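Okay, so here's the structure we're looking at.
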């Protein structure tokens, strides 16, 4: 986007789509001023002695699960008060931007935490994140002012349907960046864990999006299935579809980790070969590995586990 290149993002998770759309939607200077003025009122919006009316449909649909227990109910109320205050913003792009900052603030406070910090900390962090994000948005607007901008599209679509979207009919991508679900690894793409490991769908409420389905919907298959046959079948179908939108010059870069790389890495590479792809310029000793950043507290307690390392793979059409 900064360089004026066209880009297309694709995901099945409404949260990923929401965040990507906010990040790629430039705010006007007028909208930025309105948001800065709105940010100055956060101290007034969040008041534990004031009411916080919520749409009952979110509660009835289970999005408040574990959000109204001891120690967390204040956050449910504070989040609702901020959401109610976004109605004062002048346009949808501004409201979505504020929701995104709220989502970030609430996740830092709640996700993977046994006990959330005081509400005063929540207020301070929200103001800080809003200011930081607005500064970044202003910088992006300046950097792209003289660039002939190309469209940045965000699609809700599974990878195994990439060839059906029509998005690549006119031009093939030169680079594809992806991070498939990690085979056999427990990763929550659609839940926060609060007060220990109690799962909540609250991030969808904050983003004003609907949750899609259970864990397997986001992970290509159940992580405990023997041999992970469903995972690798879906992985091959996904990359077979991706291969159909590639040109001979397209490079596909993947970042992936494995619960048991001893057999899962070779099986992963076999699936991509069956999908019509070949690995580029990497022998077994040359592959790039890194430690997984920002891991949860319970994952850090198992730091020597194989899934604590990610590998970067490069492929192109065979």
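Residue numbers (our numbering): 62 to 379. For each residue, glycine too, the CB sits at the ideal point set by N, CA and C. In this text, all values refer to a predicted model and were calculated from it rather than measured experimentally.
Using the Cβ count rule (16 or more neighbours within 10 Å means buried), how would you classify residue i?
i, result
"residue 240", "exposed"
"residue 287", "exposed"
"residue 266", "buried"
"residue 64", "exposed"
"residue 198", "buried"
"residue 361", "For residue 361, the pLDDT reaches just 47, beneath the cut-off of 50, and the residue's location in the model is therefore unreliable, leaving the point undetermined."
"residue 344", "exposed"
"residue 148", "exposed"
"residue 327", "exposed"
"residue 347", "exposed"
"residue 129", "exposed"
"residue 350", "exposed"
"residue 233", "exposed"
"residue 335", "exposed"
"residue 374", "buried"
"residue 236", "exposed"
"residue 177", "buried"
"residue 138", "buried"
Once DSSP output is grouped into helix, strand and coil, what is the label at residue i?
i, result
"residue 86", "coil"
"residue 224", "helix"
"residue 184", "helix"
"residue 328", "helix"
"residue 197", "helix"
"residue 351", "strand"
"residue 205", "coil"
"residue 238", "strand"
"residue 152", "coil"
"residue 359", "Model confidence at residue 359 stands at a pLDDT of 48, short of 50, so the residue's coordinates are unreliable; what they give is reported in the following sentence. Helix."
"residue 76", "helix"
"residue 299", "helix"
"residue 323", "helix"
"residue 81", "helix"
"residue 306", "coil"
"residue 245", "coil"
For residue i, which residues does DSSP report across the bridge?
i, result
"residue 318", "371"
"residue 71", "216"
"residue 174", "255"
"residue 378", "338"
"residue 64", "None; residue 64 has no bridge partner."
"residue 147", "Answer is none; residue 147 lacks a bridge partner."
"residue 231", "According to DSSP, residue 231 bridges with nothing at all."
"residue 260", "254"
"residue 313", "237 and 376"
Would you say the beta carbon of residue i comes nearer than 6 Å to a heavy atom of the ligand ADP?
i, result
"residue 335", "As for the ligand ADP, it is missing from this structure, which has no ligand bound."
Worksheet item: Do the segment 296-313 and the segment 224-241 meet, that is, are 3 or more Cβ pairs less than 8 Å apart?
Response: In short, these stretches touch, since the Cβ pair count reaches three.
Discussion item. Any contact between the segment 235-254 and the segment 292-300? By contact I mean 3 or more CB pairs, one from each, below 8 Å.
Written reply: Judged by pairs of C-beta atoms under 8 Å, the segment 235-254 touches the segment 292-300, as three or more such pairs exist.
Practice prompt. Output the residue ranges of the alpha helix (DSSP H) runs that lie fully inside the segment 87-133 and measure 4 residues or longer, sorted by chain position.
Written response: 90-100, 103-106 and 117-121
Discussion item. Any contact between the segment 119-126 and the segment 198-211? By contact I mean 3 or more CB pairs, one from each, below 8 Å.
Written reply: no
Worksheet item: Looking at C-beta atoms only, is the number of pairs between the segment 106-115 and the segment 135-149 that lie closer than 8 Å three or more?
Response: Touching, yes, given that three or more Cβ pairs across the two stretches are closer than 8 Å.
Discussion item. Between the segment 255-269 and the segment 156-174, can you find at least three pairs of beta-carbon atoms closer than 8 Å?
Written reply: yes
Worksheet item: Between the segment 93-109 and the segment 212-224, do three or more beta carbon pairs fall short of 8 Å?
Response: no
Discussion item. Does the contact criterion of 3 or more C-beta pairs under 8 Å hold for the segment 148-160 versus the segment 178-186?
Written reply: no
Worksheet entry | Three or more C-beta pairs below 8 Å linking the segment 95-105 and the segment 153-166 | yes
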